[in-house]
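As structure tokens, the structure follows; a few thoughts come after it.
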Amino acid sequence: MTAAPVLAANRLQRSFGDRVVVGPLDLEIAAGERVALVGPNGSGKSSLLRCVAGTLAPSAGSVHVVGAPAGSVAARRAIGASLAQERSFYLRLTGRANLELFASLRRSARAAKAEVAAVIDELEIGDIAAERVNRCSSGMVQQLALARALLGDTPLLLLDEPTRSLDAEAVERLWAALRRRAGTALLMATHRPEDVARCDRALDLGR
25 MTAAPVLAAN
35 RLQRSFGDRV
45 VVGPLDLEIA
55 AGERVALVGP
65 NGSGKSSLLR
75 CVAGTLAPSA
85 GSVHVVGAPA
95 GSVAARRAIG
105 ASLAQERSFY
115 LRLTGRANLE
125 LFASLRRSAR
135 AAKAEVAAVI
145 DELEIGDIAA
155 ERVNRCSSGM
165 VQQLALARAL
175 LGDTPLLLLD
185 EPTRSLDAEA
195 VERLWAALRR
205 RAGTALLMAT
215 HRPEDVARCD
225 RALDLGR
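Per the working numbering, residue 25 is the first one in the sequence shown, and the count goes up by one each step.
So this is what it looks like as structure tokens:
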């Protein structure tokens, strides 16, 4: 018996006014599969990720995550996301305090602290996590957002241009973290051929 896909989009379409920016699109992603979204700016990569995350409603069609409608509580709990337009943090708190707060939504406070400490060590962002977010550069905030996406051991990761502002060492640490999560499905928007080459397949939204 074939396992149900982690992500299933059926005739998904998103329009803004008269302009269709996504679809109609059919897409299935299995557990552990890595899919890169490619295409020029404006081709709908970020909009597609937001439809899957449940922060943008499709104009037509459907999206299900682990069998639950996108945007439902069950679907949201199954997703770890770093989306370019939604990297909100509490600016007066440190990166670590922010991560512990988000982790505590899924875990006890003690377990949240342990999980955050492990992710900070894994990505080697101790110095960044110690800073208040309002003192962090955009690249530092991006690394915090990636750390937050990795919390919770979710079945699906949604990453929007995750390596754009990272140096080579940080890119390698991110991909090493993804390799360690071999059963996690990944949907990534990227312009970088190096990222595409590490994925199982690419979906060109510009065609």
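Even glycine gets a Cβ: it sits at the ideal position worked out from N, Cα and C.
Predicted model, so just to flag it, every value in this text is computed and none were measured.
Distance, residue j Cα to residue i Cα
| i | j | result |
| --- | --- | --- |
| F113 | V195 | 22 Å |
| P186 | A169 | 9 Å |
| A192 | A221 | 16 Å |
| L210 | D42 | 31 Å |
| V217 | D177 | Residue 217 is actually Pro in this sequence, not Val. Taking the straight line from one Cα to the other gives about 27 Å. |
| N158 | V165 | 9 Å |
| G68 | A121 | 33 Å |
| L73 | M212 | 8 Å |
| A55 | L129 | 24 Å |
| D228 | W199 | 22 Å |
| R100 | L183 | 14 Å |
| A102 | E52 | 16 Å |
For residue i, the three-state DSSP class (helix, strand or coil)
| i | result |
| --- | --- |
| P48 | strand |
| S70 | helix |
| A213 | strand |
| R116 | coil |
| G163 | helix |
| R43 | strand |
| N122 | helix |
| G78 | coil |
| E218 | helix |
| E148 | coil |
| L129 | coil |
| E139 | helix |
| L168 | helix |
| A173 | helix |
| R134 | helix |
Residue interval of the beta strand (DSSP E) (run including residue i)
| i | result |
| --- | --- |
| N34 | L31 to F40 |
| V89 | A84 to V89 |
| V157 | Element bounds for V157: n/a, residue is neither H nor E. |
| L61 | R58 to V62 |
| L227 | R225 to D228 |
Whether residue i touches residue j by CB criterion (8 Å)
| i | j | result |
| --- | --- | --- |
| S71 | L61 | no |
| L49 | A77 | no |
| S83 | S39 | yes |
| V30 | P179 | yes |
| A138 | I144 | no |
| E155 | T118 | yes |
| L174 | G91 | no |
| V87 | A33 | yes |
| V59 | C223 | yes |
| G85 | L123 | no |
| R172 | F126 | yes |
Delimiting residues of the alpha helix (DSSP H) encompassing residue i
| i | result |
| --- | --- |
| G95 | Here G95 belongs to no alpha helix (DSSP H), and DSSP marks it neither H nor E. |
| E196 | A192 to R204 |
Those residues which DSSP pairs with residue i across a bridge
| i | result |
| --- | --- |
| L180 | I103 and A209 |
| I53 | L31 |
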